[in-house]
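Participant:
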Amino acid sequence: MKQKNIRNFSIIAHIDHGKSTLADRILEITGALEKREMVSQVLDSMDLERERGITIKLNAVSLTYSYQNEEYLLNLIDTPGHVDFSYEVSRSLAACEGAVLVVDAAQGIEAQTLANLYLAMAQDLKIIPVINKIDLPNANISKVKEELKRVLGFQEEEILLCSGKTGVGVKELIEAIIRVIPPPKINNDGPLRALIFDSYFDPYKGVVGLIKVEDGILKKKDEILLMANDTSYQVSEIGIHTPKEMQKEELKSGEVGYFCAQIKEISSIQVGDTITHKDYPASTPIHGYQKMKPMVYSGIFPVEPNRYEMLKEAFEKLKLNDAALTIEPETSDALGFGFRVGFLGLLHMDIITTRIEREFSIPVIATSPSVVYKVTLTSGELLLIDSPNKMPEPVKIKKIEEPFIYTNIIVPSEYIGSIMELCQKKRGIYKSLEYIEEKRVNIHYEIPLSEIVYDFFDKLKSYTKGYASFDYELCGYQESHLVKMNILLNGEVVDALSVIIHKDFAYQRGKIIVEKLKELIPRQMFQIPIQAVIGSKVIARENISALRKNVLAKCYGGDVSRKRKLLEKQKEGKKRMKTIGSVDVPQEAFLSILSSEE
Amino acid sequence: MKAVYIHIPFCKSICSYCDFCKVFYYPKWSYAYLKALKEEIDDVYMGEEVQSIYIGGGTPSSLSCKEIDYLFYFIKKFKRASFCEVTFECNLEDITDDLLKVLKKNKVNRLSIGIESFQDQNLCLLGRNHSFQDAKEKMKKIRSYGFSNVNLDLIYAISKESLKMVKDDLRLFLKLKPDHISTYSLMIEPHTILAHQHIKPIQEEIDRKMYDTICATLKRKGYLHYEVSNFAKKGKESRHNLTYWNNEEYYGFGLSASGYLGNVRYTNTKNLFAYLKGNRKGESQILDQKEKMDHEVMLGLRKLKGINVAEFEKKYQIKMSDAYPLTPLLKQKDLTLKKGYLAISDDKIYVMNEILAKMI
Numbered sequence: 005m006k007q008k009n010i011r012n013f014s015i016i017a018h019i020d021h022g023k024s025t026l027a028d029r030i031l032e033i034t035g036a037l038e039k040r041e042m043v044s045q046v047l048d049s050m051d052l053e054r055e056r057g058i059t060i061k062l063n064a065v066s067l068t069y070s071y072q073n074e075e076y077l078l079n080l081i082d083t084p085g086h087v088d089f090s091y092e093v094s095r096s097l098a099a100c101e102g103a104v105l106v107v108d109a110a111q112g113i114e115a116q117t118l119a120n121l122y123l124a125m126a127q128d129l130k131i132i133p134v135i136n137k138i139d140l141p142n143a144n145i146s147k148v149k150e151e152l153k154r155v156l157g158f159q160e161e162e163i164l165l166c167s168g169k170t171g172v173g174v175k176e177l178i179e180a181i182i183r184v185i186p187p188p189k190i191n192n193d194g195p196l197r198a199l200i201f202d203s204y205f206d207p208y209k210g211v212v213g214l215i216k217v218e219d220g221i222l223k224k225k226d227e228i229l230l231m232a233n234d235t236s237y238q239v240s241e242i243g244i245h246t247p248k249e250m251q252k253e254e255l256k257s258g259e260v261g262y263f264c265a266q267i268k269e270i271s272s273i274q275v276g277d278t279i280t281h282k283d284y285p286a287s288t289p290i291h292g293y294q295k296m297k298p299m300v301y302s303g304i305f306p307v308e309p310n311r312y313e314m315l316k317e318a319f320e321k322l323k324l325n326d327a328a329l330t331i332e333p334e335t336s337d338a339l340g341f342g343f344r345v346g347f348l349g350l351l352h353m354d355i356i357t358t359r360i361e362r363e364f365s366i367p368v369i370a371t372s373p374s375v376v377y378k379v380t381l382t383s384g385e386l387l388l389i390d391s392p393n394k395m396p397e398p399v400k401i402k403k404i405e406e407p408f409i410y411t412n413i414i415v416p417s418e419y420i421g422s423i424m425e426l427c428q429k430k431r432g433i434y435k436s437l438e439y440i441e442e443k444r445v446n447i448h449y450e451i452p453l454s455e456i457v458y459d460f461f462d463k464l465k466s467y468t469k470g471y472a473s474f475d476y477e478l479c480g481y482q483e484s485h486l487v488k489m490n491i492l493l494n495g496e497v498v499d500a501l502s503v504i505i506h507k508d509f510a511y512q513r514g515k516i517i518v519e520k521l522k523e524l525i526p527r528q529m530f531q532i533p534i535q536a537v538i539g540s541k542v543i544a545r546e547n548i549s550a551l552r553k554n555v556l557a558k559c560y561g562g563d564v565s566r567k568r569k570l571l572e573k574q575k576e577g578k579k580r581m582k583t584i585g586s587v588d589v590p591q592e593a594f595l596s597i598l599s600s601e602e
Numbered sequence: 013m014k015a016v017y018i019h020i021p022f023c024k025s026i027c028s029y030c031d032f033c034k035v036f037y038y039p040k041w042s043y044a045y046l047k048a049l050k051e052e053i054d055d056v057y058m059g060e061e062v063q064s065i066y067i068g069g070g071t072p073s074s075l076s077c078k079e080i081d082y083l084f085y086f087i088k089k090f091k092r093a094s095f096c097e098v099t100f101e102c103n104l105e106d107i108t109d110d111l112l113k114v115l116k117k118n119k120v121n122r123l124s125i126g127i128e129s130f131q132d133q134n135l136c137l138l139g140r141n142h143s144f145q146d147a148k149e150k151m152k153k154i155r156s157y158g159f160s161n162v163n164l165d166l167i168y169a170i171s172k173e174s175l176k177m178v179k180d181d182l183r184l185f186l187k188l189k190p191d192h193i194s195t196y197s198l199m200i201e202p203h204t205i206l207a208h209q210h211i212k213p214i215q216e217e218i219d220r221k222m223y224d225t226i227c228a229t230l231k232r233k234g235y236l237h238y239e240v241s242n243f244a245k246k247g248k249e250s251r252h253n254l255t256y257w258n259n260e261e262y263y264g265f266g267l268s269a270s271g272y273l274g275n276v277r278y279t280n281t282k283n284l285f286a287y288l289k290g291n292r293k294g295e296s297q298i299l300d301q302k303e304k305m306d307h308e309v310m311l312g313l314r315k316l317k318g319i320n321v322a323e324f325e326k327k328y329q330i331k332m333s334d335a336y337p338l339t340p341l342l343k344q345k346d347l348t349l350k351k352g353y354l355a356i357s358d359d360k361i362y363v364m365n366e367i368l369a370k371m372i
């Protein structure tokens, strides 16, 4: 294969705009898979991905196609379509020279269309806009074309039309990829530089890294150096996915494939790192490497305390394939033994907890997600705080800064008022508003990330009847008036319920939690005060009055066994409770407070 | 020494709160039933001396005097101890000279009458119908036959009842000068008429207030509060019911009757036709040492006097504090230890399940 006949590209789209179906069709047309071999959406290999219609893990497939009597090698590099994984998306895009931007013929441009497009443009990729699902009865091709021209500046003749479902226009798309997207820059000489854009764990081969060779040639048995990690290995295998694995002797400049080197831990290979030869290293790595940092932290505890060991094993297994997951043990008086887990975002957190419950059958409780706060002490020391329980005493704190995000919220224009009201409530700072077309706008706010992780998605849905699409990027830290709010039960702090919260919201949230606890904790033999406090100041309070009656009124001969069973039941109930400040609290109380908002 | 319970499952009317095993009185069945009962006693009774016989129901007084006489005829078989307590449950409306004569003749020495309440609103809800005047006359008649141990049942915490109504009931009950009062907060049991009518229990706070009022009033009038729900003039404590609370053995004869013999707690069938055919077997449970001890704790702590620790330890050959977490409960004043008796603190009797659940 001539290196100039290589095309490296991604498909980018808003969720549900048909990216995976289109990829399937491309695989079918290029003959990578027979139709009968196709399981719908081959690239989304996890059930969970298929169910949610999203792609979580990346894949790269090498396809061959004949065009005008020439053989072409098309490397389709898949990307996850969610903001949580935007760093990974950017690294995948860095391995490409072009991208197919898919837009739904009925929906038009949405928030993730823009977010993904901006990431692709940042990598200087050649973009092919394609309107998908043109077979839909409610397709509005001319309107979507207008949007692409007006908002994104495409020319009429650049825009392709297709349907991943029926296959119409897909062949033309493949040929456009060959025509429009440039081949990779070839540099077979000089020191090796290969970009790692993804990795996964294989039980037989160890960690498999997906790479694109920029300069030089990578061969089997080469001694390699991972530049950011500063570790070296010997390559044991290289190859490509067609999508089946096909071993090769070498990968040359411009080619995409995989390598293995008997690496046991996924964290040893970092996405964005550069591979070079140990004996003849490159002087500089490929630009753009960052260490992946969790954005959201949560305490994850087994509902049944005796499942702690199982939970530990589950996390270890998940971590094999997920370099972004950080885990450390955490102990809570209220919830027992568990883990403080760092996630890339809420979706990542949701996926991990769901997989633990589903694949490992361990029911878990997650404490309120926390972002990473920058806390400056009066001593001048700077701390990064990812858990309310690690927050220093208020008197020692000079200032607290929190991460903010910059939004793309695309909505029909009649919801502008609702969105502004919602963003205002979430401490948003208005930035700008632009019309995508006559009746749709993109609204930009800066909002604290902590408000997004609280209940923003649900609220957004209800404020706009589901018509809004939302995406964001981080835009730095800003100082905020934040406080740590504790919940006291009979005078003792319930660690699992502590939160870091804006001062103005503490009263309302405290009141809700305190009222809910009153409802959920059964009466006991003494009166129980429940308080929400900031420092030593009580901001909300309720009392659970003492139990007044729990007795078997009559108990004669025939009743004994039945009554005994009744007592057993009460006793079992008590066993399932956690004792905090001599108060028995049912597990459901934590579950209910931690799983629902307002 | 054992106790004997005999169940008579017949009633002339069905009370809305009752979850005992009962059917409408029907002479063809009642006679067949007495025959089956006789058979059971002949089969099972081992000839021990008995210290109490309790004839309950249902409504034993719904039987005809002839049937009652027959019942006593075949239960002559029980070898009565010299102080044997013989209780017969009656409905107020069944009390006649004839009935009292039959009972007297057969050495019944204790009557238990299910009055429950005199408040019209309560009686209507409970499915009962009688007046205070009626009760007064019947009581007078009972005393004239020389019955010196009479229990009245009082139900409180009936939906929508006020504390004032409970006080009024107490006043009227006391006017009848019973020797013993059993008082229950209304329990809405599944499968009762009340449950089907979706009647809701009264608020916990009010229930407790009523209970405290009853305890204080009866105490003031010279009744001894000796069990959660039972009050007696001195020496008139129910010996039969104490058998249960002392975790002692008893026979249970008749439809759905329960007994406790050796290591076995058993309950007869609840199916009348099976019983009439002699298929008496219902559920039974063999108790191990731990279960026996738990029963003894659960039942014994119902008595305000409590459990005799030395006797308990002798019986089970184990230190009570090794078997149960007594120290923290004593420290929290959930339990008291006085003169060798372990008891629930008086003010916590009404929440005693909380304490039991920590023990057993």
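For the record, the sequence lines run as chains V and G.
Using this note's numbering, you'd call the opening residue of the first sequence number 5 and step up by one each time.
Using this note's numbering, you'd call the opening residue of the second sequence number 13 and step up by one each time.
Just so it is clear, CB atoms sit at the ideal spot from N, CA and C, and this is done for glycine as well.
Note that this is a predicted model, so its numbers are computed, not measured.
Alpha carbon to alpha carbon, what distance is there between residue 63/G and residue 13/G?
Facilitator: If you take the alpha carbons of residue 13/G and residue 63/G, they lie about 6 Å apart.
Participant: Spatial neighbours of residue 59/G within its chain, please: C-beta separation below 8 Å, excluding the five flanking residues on both sides.
Facilitator: Cβ neighbours of residue 59/G beyond the five flanking positions: 91.
Participant: Of all the options 321/V, 140/V, 16/V and 416/V, which has the alpha carbon lying nearest to the alpha carbon of residue 469/V?
Facilitator: Among 321/V, 140/V, 16/V and 416/V, the Cα nearest to that of residue 469/V is on 416/V.
Participant: Give every residue of the same chain whose Cβ lies closer than 8 Å to the Cβ of residue 245/G, excluding the five residues on either side of it in the sequence, and list them in chain order.
Facilitator: Excluding positions up to five away in sequence, the list reads 191, 192, 234, 235 and 236.
Participant: Can you pull the chain V neighbours of residue 197/G, defined as C-beta to C-beta under 7 Å?
Facilitator: The contacting residues are 557.
Participant: Would you check if the segment 529–537 of chain V and the segment 355–373 of chain V touch, i.e. whether three or more CB-CB distances between them fall below 8 Å?
Facilitator: Cβ pair count under 8 Å is below three, so no.
Participant: Among all the DSSP beta bridges, which residues are the ones paired with residue 298/G?
Facilitator: Its beta-bridge partners are 276/G.
Participant: By Cβ distance below 8 Å, which residues in the same chain neighbour residue 101/V in space, the five residues on each side in sequence not counted?
Facilitator: Result list for residue 101/V: 11, 12, 13, 129, 130, 185, 186, 187 and 188, in chain order.
Participant: Tell whether a beta-carbon distance below 8 Å holds between residue 310/G and residue 571/V.
Facilitator: Yes.
Participant: Show which residues of chain G have a CB atom less than 7 Å away from the CB atom of residue 574/V.
Facilitator: Ordered by position in chain G, the residues that pass the 7 Å Cβ test against residue 574/V are 365 and 369.
Participant: Per DSSP, what kind of secondary structure is residue 175/V in: helix, strand or coil?
Facilitator: DSSP places residue 175/V in helix when its eight states are reduced to three.
Participant: Tell me the rounded alpha-carbon separation between residue 241/V and residue 269/V.
Facilitator: One C-alpha to the other measures close to 17 Å.
Participant: Residue 30/G: buried (16+ other C-beta within 10 angstroms of its C-beta) or exposed?
Facilitator: The residue in question, residue 30/G, is buried, as its Cβ has 16 or more Cβ neighbours within 10 Å.
Participant: Hey, how far is the Cα of residue 442/V from the Cα of residue 157/V?
Facilitator: Computed Cα separation, rounded: 16 Å.
Participant: Measuring CA to CA, which of 579/V, 87/V, 384/V and 491/V is closest to residue 393/V?
Facilitator: Residue 393/V has its Cα closest to that of 491/V, out of 579/V, 87/V, 384/V and 491/V.
Participant: Go to residue 265/G, then tell me how far its beta strand (DSSP E) extends in each direction, as first and last residue.
Facilitator: Taken as a continuous stretch (DSSP letters only), the beta strand (DSSP E) holding residue 265/G covers 262–265.
Participant: Output yes if chain V places a C-beta closer than 8 Å to the C-beta of residue 85/G; else output no.
Facilitator: It does not: the Cβ of residue 85/G has no partner Cβ on chain V nearer than 8 Å.
Participant: So residue 529/V contacts chain G; which residues on that side make the cut at Cβ distance below 9 Å?
Facilitator: In chain order: 344, 346, 360, 363, 366 and 367.
Participant: Quick check: residue 104/V and residue 148/V, are their CB atoms within less than 8 Å of each other?
Facilitator: Not a contact, by the Cβ cut-off of 8 Å.
Participant: Give the residues of chain G in contact with residue 571/V, contact being defined as C-beta atoms less than 8 Å apart.
Facilitator: Ordered by position in chain G, the residues that pass the 8 Å Cβ test against residue 571/V are 310, 365, 368, 369 and 372.
Participant: Rounded to whole angstroms, what is the Cα-Cα separation between residue 162/G and residue 339/G?
Facilitator: For residue 162/G and residue 339/G, the distance between alpha carbons rounds to 41 Å.
Participant: Excluding sequence positions up to five away, which residues of its chain have a Cβ less than 8 Å from the Cβ of residue 116/V?
Facilitator: Excluding positions up to five away in sequence, the list reads 17, 18, 19, 85, 86, 87, 473 and 475.
Participant: Within its chain, find whatever has a CB closer than 8 Å to the CB of residue 210/V; leave out the 5 residues flanking it on each side and keep chain order.
Facilitator: For residue 210/V, where only same-chain residues beyond five positions count, the Cβ hits under 8 Å are 264, 265, 266, 267 and 268.
Participant: For residue 244/V and residue 203/V, I'd like the C-alpha separation in whole angstroms.
Facilitator: Whole-angstrom Cα-Cα distance: 14 Å.
Participant: Just the Cα atoms here: how many angstroms apart are residue 99/V and residue 251/V?
Facilitator: Approximately 20 Å between the Cα atoms of the pair.
Participant: According to DSSP, is residue 159/G helix, strand or coil?
Facilitator: Three-state DSSP puts residue 159/G in coil, outside helix and strand.
Participant: As a quick exercise: from 125/G, 94/G and 120/G, pick the residue whose alpha carbon is nearest that of residue 106/G.
Facilitator: The option with the nearest alpha carbon to residue 106/G is 125/G.
Participant: Is DSSP giving residue 223/V helix, strand or coil here?
Facilitator: Reduced to three states, the DSSP call for residue 223/V is strand.
Participant: Could you tell me whether the segment 342–357 of chain V touches the segment 311–329 of chain V, where touching means 3 or more Cβ pairs closer than 8 Å?
Facilitator: They touch, by the three-pair rule.
Participant: Determine the closest residue to residue 127/V out of 379/V, 96/V, 143/V and 155/V, with distance taken between C-alpha atoms.
Facilitator: For residue 127/V, the nearest C-alpha among the options comes from 96/V.
Participant: Using only alpha-carbon positions, find the residue among 94/G, 175/G, 225/G and 129/G that is nearest to residue 141/G.
Facilitator: It is 129/G.
Participant: Roughly how many angstroms lie between the CA atoms of residue 544/V and residue 511/V, to the nearest whole one?
Facilitator: The alpha-carbon atoms of residue 544/V and residue 511/V are separated by roughly 7 Å.
Participant: In whole angstroms, what separates the C-alpha of residue 288/V from that of residue 228/V?
Facilitator: Taking the straight line from one Cα to the other gives about 15 Å.
Participant: Within 10 Å of its beta-carbon, does residue 365/V have 16 or more other beta-carbons around it, so buried, or fewer, so exposed?
Facilitator: Result: exposed.
Participant: If you count every other CB in all the chains shown that lies within 10 Å of the CB of residue 125/V, and 16 or more means buried, which is it?
Facilitator: When all chains shown are included, residue 125/V counts as exposed.
Participant: Which whole-angstrom value is the C-beta distance of residue 155/V and residue 440/V, which I expect to be below 8 Å?
Facilitator: Contact holds; Cβ gap of about 5 Å.
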